[in-house]
Every structure is written in C-alpha cells, then in structure tokens.
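Going by the working numbering, the first residue of the sequence shown is number 36, and it counts up by one from there.
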Amino acid sequence: MSRIPFPPEDRSLSAYTGWGRAHWETAADGLLTAALRHAGPHHALIGLPGPRPSWSGARSDGLEGYARTFLMAAFRVAGAGGRDPLGLLDRYAEGLEAGTRTPVRPREPVAHDPVSWPAVTDRGQAIVEAASIALALRLTRPWLWDRLPRTVRDRAADWLAGALHHTPVDNNWWLFQVAVGGFLAETGHHVRAAEEAVRRGLERIERWYVGGGWYTDGRPRAFDHYNGWAFHLYPVLHAHLADDRRALDRYGSRLAEFLEQYAHTFGGDGAPLHQGRSLIYRFASAAALWAGALTGHSPLAPGATRRLASGALRYFLDREEVTADGLLTLGWFGPCPPMVQSYSGPASPYWASKGFLGLLLPPGHPVWTAAEEPAPVERADTVRPLAGPGWLLQSTAADGLVRVHNHGSDDQPADEDEVPADDPLYARLAYSTVTAPVFGKTADNHFALLADGQASERGRITPLGTGADWAASAHRPRIAGAELPEVHVTSLVFAAGALEVHAHLVTGAAVGTAVRHTGWAVAGDAVESSVTGAGARARVADRPSGAG
36 MSRIPFPPED
46 RSLSAYTGWG
56 RAHWETAADG
66 LLTAALRHAG
76 PHHALIGLPG
86 PRPSWSGARS
96 DGLEGYARTF
106 LMAAFRVAGA
116 GGRDPLGLLD
126 RYAEGLEAGT
136 RTPVRPREPV
146 AHDPVSWPAV
156 TDRGQAIVEA
166 ASIALALRLT
176 RPWLWDRLPR
186 TVRDRAADWL
196 AGALHHTPVD
206 NNWWLFQVAV
216 GGFLAETGHH
226 VRAAEEAVRR
236 GLERIERWYV
246 GGGWYTDGRP
256 RAFDHYNGWA
266 FHLYPVLHAH
276 LADDRRALDR
286 YGSRLAEFLE
296 QYAHTFGGDG
306 APLHQGRSLI
316 YRFASAAALW
326 AGALTGHSPL
336 APGATRRLAS
346 GALRYFLDRE
356 EVTADGLLTL
366 GWFGPCPPMV
376 QSYSGPASPY
386 WASKGFLGLL
396 LPPGHPVWTA
406 AEEPAPVERA
416 DTVRPLAGPG
426 WLLQSTAADG
436 LVRVHNHGSD
446 DQPADEDEVP
456 ADDPLYARLA
466 YSTVTAPVFG
476 KTADNHFALL
486 ADGQASERGR
496 ITPLGTGADW
506 AASAHRPRIA
516 GAELPEVHVT
526 SLVFAAGALE
536 VHAHLVTGAA
546 VGTAVRHTGW
556 AVAGDAVESS
566 VTGAGARARV
576 ADRPSGAG
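Take a look at the structure:
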C-alpha cells in the first residue's frame with residue numbers, strides 16, 4: 036500500500052475505487068510535502084535526488100522540481116478557494132522572487148549559485164517549465180501574483196516572456212507558449228507578444244490534427260499520451276480560463292470526441308495504456324478526463340470520470356510507486372531505467388501533477404458527489420477501431436484487460452533519410468494495460484524476417500485502414516537501418532472477445548526466408564505457455580499477465 040496515510044475508503048459513494056476528493060487532497064499534500072523537503076535556498080530550486088540528471092543539467096532539473104510541484108500546489112490551493120494550510124504559496128512566491136533575480140546560463144553549476152533560474156533559450160527546458168509556472172500563477176493569482184511587489188511581478192513576467200521569444204521544439208512545445216502567453220496577456224505584461232504567441236501556438240497544432248479527437252505529436256505518426264495531457268489539455272484550459280467561448284467550443288468538442296474513445300483505454304485495475312514516451316508521468320493520464328468535466332465537454336457521466344481518474348491514481352500509489360521518502364520515481368512501479376528518456380531527470384515524474392486538475396472542481400460538483408460508475412472495460416467486452424491513430428482496441432470485462440493493436444503509430448521522423456531504430460514504445464504490433472514492451476534483443480508483439488541471425492525492424496508504418504473488428508498496415512522491413520530490397524509486408528489483425536488473429540503477407544522476399552511473430556511479454560514467477568495448431572497462449576499462473 037501507499038506510504039501516504041489516506042482517510043478510510045468510502046465504498047458507499049465510490050464502489051469501485053473507494054476514493055473521493057479527500058483522498059485526492061491527501062495524495063497531493065503527501066507528494067508535495069515530500070518534494071518540498073528538497074527545496075534549496077529561498078525555495079527557488081527543488082533538486083530531487085535521483086540516479087542521474089537530465090540532459091539539460093542539474094539547474095534545469097531544479098527548476099523542473101519547482102515548476103511541476105508548483106502546478107500541483109496550484110490545483111490544491113485554487114481548488115480549496117485559496118485555503119492553504121501547508122503554506123505552499125508563500126514558498127513558491129519566495130522561490131519566484133529569488134529565482135528570477137539574476138537568471139544564469141542553463142548549465143551554470145548549482146554549487147556556484149544555488150538560487151538563480153536558468154535563462155530561457157531556444158529549445159531549452161525552461162520553455163516547458165515556464166508553462167507550468169505560468170499556469171500555476173494564473174490559477175492562484177488572487178493569493179500569490181496579485182500580492183507580489185510590482186518589481187517582482189515585472190521581473191518574473193520578463194523571465195516568463197522569454198518563452199514567447201525563443202524557438203520551441205516543433206511538437207507539443209508550441210502549447211507552452213499558449214500557456215505562458217495566456218497568463219501574461221491576462222496580467223497586462225508583454226501583451227502584444229503574448230497574444231501573438233497564443234495565436235501562433237494554436238495555429239501551429241492544426242497541422243497535426245488528424246480528426247476524430249487525435250493529434251500527432253509533431254512527427255507524421257506519433258500518437259501517444261501527449262494527445263490527452265498536452266494537445267487537449269492546454270487549449271481547453273486556456274479557453275476556459277480566458278472565458279473564450281468560441282475557442283472552448285472548438286477545442287472542447289475535440290476533447291469530448293477523444294474522451295469517448297480514451298475512456299476505453301483504462302484497465303479494470305485503473306492502469307493507463309503502457310504505450311508511448313514519458314510514461315513516468317503516470318497519472319497525468321487523468322488530466323484529460325478532468326478537463327472534460329471542468330469545462331462541460333465530456334461524454335462521460337461524472338461518476339465514470341471519477342472512477343477512471345481515481346483508478347489511475349490508486350493504480351500507482353497502491354503499488355509502492357513512491358520511495359520511502361515519498362518521492363515519485365523514474366519508472367512505472369518504481370525505478371525502471373530502460374523506459375526513461377534521456378530528457379528526463381529526477382523531477383520529471385512530477386508532470387503527473389496534471390492528474391490533480393480535478394481538484395479545481397468544487398466539492399459540490401457532481402464529479403465528486405455522484406456515485407462511481409463502472410469503467411467501459413468493466414461493462415462489456417469491446418472491439419472497436421480508433422481510426423485517428425490507426426489502432427484497434429480490444430478489451431475484456433472478465434479480467435479488465437485492454438489491448439490496443441497498433442497499425443498506425445511509429446514515431447518515425449518526417450525525413451525519410453533518417454532511419455532511427457524501432458522504439459519499443461511505438462513500433463510494436465500491440466500494447467496493453469498489463470504488459471510492457473521488452474527492451475531486449477527479441478522484440479515482443481513483432482513480426483520479423485530473419486536473415487543472418489538478425490531480425491528485421493518494422494520502421495515506418497503505412498496505415499491501410501480499420502474496421503469494426505480489424506486493422507491493417509504495411510511496412511518495408513529493414514535490418515541495420517537499411518530496407519530489404521523489394522520486400523513489403525502487409526499485416527492485418529482481427530479481434531473477437533479475448534481472441535486475436537494476425538495475418539502477414541510478405542512479398543519480394545526470397546523463397547524460404549524465415550519469419551517470426553512474437554506475442555505478449557507476460558511477467559511473473561511462473562509463466563505457463565502452450566501452442567495449439569496456429570494458436571499460442573501465455574499466462575502467469577498465479578495472477579493476470581502484467582508488467583510487474
């Protein structure tokens with residue numbers, strides 16, 4: 036169980052998770068208290084312990100610790116109408132004043148100056164953190180920003196404005212300018228640049244909207260959790276805070292369309308789908324659910340929203356996901372180096388703060404007062420296409436498992452001269468809520484041609500369509516970055532109930548070329564497997580299959 040001392044469960048109101056608003060407040064308080072123990076002088080940098088720094092360096096990591104925990108604190112305090120029994124905002128106000136006094140080069144050693152924030156630079160991590168700080172300041176404005184001396188407000192606004200004038204990474208990062216610009220325009224700082232940044236960022240993401248509630252994250256086919264916790268969250272929340280009804284109608288309708296599908300991707304145990312990068316953000320997967328309820332753009336009943344969100348939070352906190360010191364780790368159920376991207380540092384997991392967005396909804400809101408309703412996976416077996424990303428979703432009510440068959444997301448760059456190796460978090464034929472992809476030599480859920488002891492990679496995926504119970508795609512297999520001459524593979528999956536049938540058509544390969552299709556990477560002390568005819572099955576003897 037979690038190291039955080041939670042109130043007793045309330046199974047009369049929350050029959051599925053036992054949790055209500057008090058549990059969310061307790062979780063936020065526990066996580067924040069633990070993180071703030073590591074604050075440096077004047078609370079400007081929060082340098083959390085970890086196995087290694089991010090590629091941006093320790094100073095940037097300290098800013099990340101400040102910014103991401105500040106966002107959680109903002110949800111906590113704003114949702115309580117300004118009540119702040121832990122004195123959170125005073126600490127973040129002090130950190131804002133000190134950190135912005137004399138910004139330094141991002142890689143200036145912290146030992147030389149343990150207070151100053153890194154200056155904002157092109158494609159620098161400070162752009163990301165400026166967005167969390169701006170959003171937190173916007174939410175807590177009456178209790179923090181408006182009480183600061185004018186000189187501090189002006190100086191902090193100048194630091195934030197750096198995010199408007201520097202080049203972001205060409206993906207969801209454009210939305211960080213929207214978050215910063217929205218706050219600065221509201222407070223009368225750098226207004227022209229701020230308004231232009233909002234317009235520019237929202238315009239930029241249109242090129243990545245593929246319809247049906249789905250955005251690809253900068254690359255041609257990069258579909259993952261950023262669709263919910265970035266592409267939907269920032270535009271909808273900005274429109275809501277700015278009271279821009281036209282924008283809210285536009286982005287809210289997209290969010291609602293997404294949520295109708297997204298709700299089906301959570302397992303019966305609360306698990307989010309284990310697919311895509313930045314999985315260390317864990318229960319940030321609940322952010323889009325809360326955003327729909329907050330803005331009135333959700334197809335889900337209030338009790339269903341809370342059941343999914345609380346399920347996701349409990350899924351991690353019930354599994355000792357925090358350290359003995361109460362800190363979030365670089366992993367899933369604890370440290371897991373293979374799944375962590377090099378841009379992540381010790382404080383990166385606190386983007387999970389977005390999952391606490393629901394605290395902005397008042398205690399009397401139906402999302403907190405309605406009885407929990409079952410998750411979609413618990414209602415009935417489901418097989419349905421998700422046309423935007425080229426996925427086929429398959430779930431079974433008896434065991435609460437969700438599987439997504441991937442025939443459309445590869446995270447490959449637009450430049451065809453670039454040939455990065457397959458990313459296990461994108462290139463697999465399928466993902467689920469109870470398994471994780473293997474990062475070793477033999478890939479799970481993969482179809483390969485075998486030559487000279489090497490297995491081919493999938494590379495770029497060309498979607499061929501989805502139907503009521505099928506999905507198909509094509510690819511040019513490659514070995515060591517080179518496509519096999521004249522070889523094409525067409526793949527199809529058909530699903531019904533708990534069964535899945537895969538078929539692959541290989542053309543252009545030499546007669547007798549060996550092929551291999553691998554299945555799910557189940558984890559456990561005792562794994563049972565069997566092959567019957569053309570069918571294969573693997574299961575953990577003492578529990579449902581899982582990533583462990």
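Glycine included, each C-beta is placed from N, C-alpha and C at the ideal position.
In this text the structure is predicted, and so the values were computed from the model without any measurement.
| Check | Outcome |
| --- | --- |
| Look up S565 in the DSSP assignment and give the residues it is bridged to. | R572 |
| Please report the residue range of the beta strand (DSSP E) in which R419 lies. | 417-421 |
| Whose C-beta lies closer than 6 Å to the C-beta of S564 among residues of the same chain, with five residues either side of it excluded? | A573 |
| Is the Cβ-Cβ distance between A171 and Y385 less than 9 Å? | no |
| In its own chain, which residues sit with a C-beta less than 6 Å from the C-beta of Y244, not counting the 5 before and 5 after it? | Y250 |
| Measure the CB-CB distance between G287 and G331 and report whether it falls below 9 Å. | yes |
| Am I right that A415 and A433 are in contact with their C-beta atoms under 8 Å? What's the rounded C-beta distance? | The pair is not a contact, with the Cβ atoms about 10 Å apart (cut-off 8 Å). |
| Does the Cβ of R551 have 16 or more other Cβ atoms within 10 Å, making it buried, or fewer, making it exposed? | exposed |
| Can you name, in chain order, every residue of its own chain whose Cβ lies under 7 Å from the Cβ of L395, other than the five neighbours on each side? | F110, A113, G114, L329 |
| Quick test of your reading: E295 and R342, contact by CB under 8 Å. State the CB separation rounded to the nearest angstrom. | In fact, because the Cβ distance is near 16 Å, the residues do not count as touching under 8 Å. |
| Do M374 and L460 have their beta-carbon atoms positioned less than 9 Å apart in this structure? | yes |
| I need the straight-line Cα distance from A229 to G217, nearest angstrom please. | 7 Å |
| Given E492, which residues of its chain have a CB within under 6 Å of its CB, disregarding the five upstream and five downstream residues? | D457, R513 |
| Starting from F482, follow its DSSP beta bridges and name the residues at the other end. | H552 |
| Whole angstroms is fine: what's the gap from W426's alpha carbon to V412's? | 17 Å |
| Sort out for me which residues DSSP pairs A506 with in a bridge. | T501, V528 |
| On a Cα-Cα basis, can you pick out the residue from S467, T525, R234, L348 that is closest to A282? | R234 |
| Among A291, V145, R242, which residue has its Cα nearest to the Cα of G82? | V145 |
| Is E356 helix, strand or coil when you go by DSSP? | coil |
| Does the structure place the stretch 199-216 close enough to the stretch 261-273 that three or more beta carbon pairs sit under 8 Å? | yes |
| In terms of residues, what are the limits of the alpha helix (DSSP H) holding S288? | 280-297 |
| Rounded to whole angstroms, what is the Cα-Cα separation between P203 and G159? | 8 Å |
| According to DSSP, simplified to helix, strand and coil, what is H267? | helix |
| Go ahead and pull the three-state DSSP assignment for V536. | strand |
| Just reading off the alpha helix (DSSP H) that Y51 is part of, what are its end residues? | Run containing Y51: none; DSSP gives neither H nor E here. |
| With DSSP run on the structure shown, which of helix, strand or coil describes P153? | strand |
| Can you have a look at K389 and say buried or exposed, based on whether 16 or more other CB atoms are within 10 angstroms of its CB? | buried |
| Just the Cα atoms here: how many angstroms apart are A486 and A161? | 46 Å |
| Taking all protein chains shown into account, decide if S580 is buried (16 or more other Cβ within 10 angstroms of its Cβ) or exposed. | Caution is warranted here: a pLDDT of 40 is assigned to S580, below 50, making its placement in the model unreliable, and no coordinate value can be reported. |
| Could you have a look at H73 and say whether DSSP puts it in helix, strand or coil? | coil |
| I'd like the span of the alpha helix (DSSP H) that includes Q447, first residue to last. | Looking at the DSSP string, Q447 is not in any alpha helix (DSSP H), and its letter there is neither H nor E. |
| Out of S151, L131, P141, state which residue places its alpha-carbon closest to the alpha-carbon of S167. | L131 |
| Helix, strand or coil: how does DSSP classify H78 here? | helix |
| DSSP beta-bridge partners for I496? | H510 |
| Considering only C-alpha positions, which residue in the set G423, E221, L527 is nearest to A277? | E221 |
| Under DSSP, the beta strand (DSSP E) around Y461 begins and ends at which residues? | Careful: Y461 lies outside any beta strand (DSSP E) and carries neither H nor E. |
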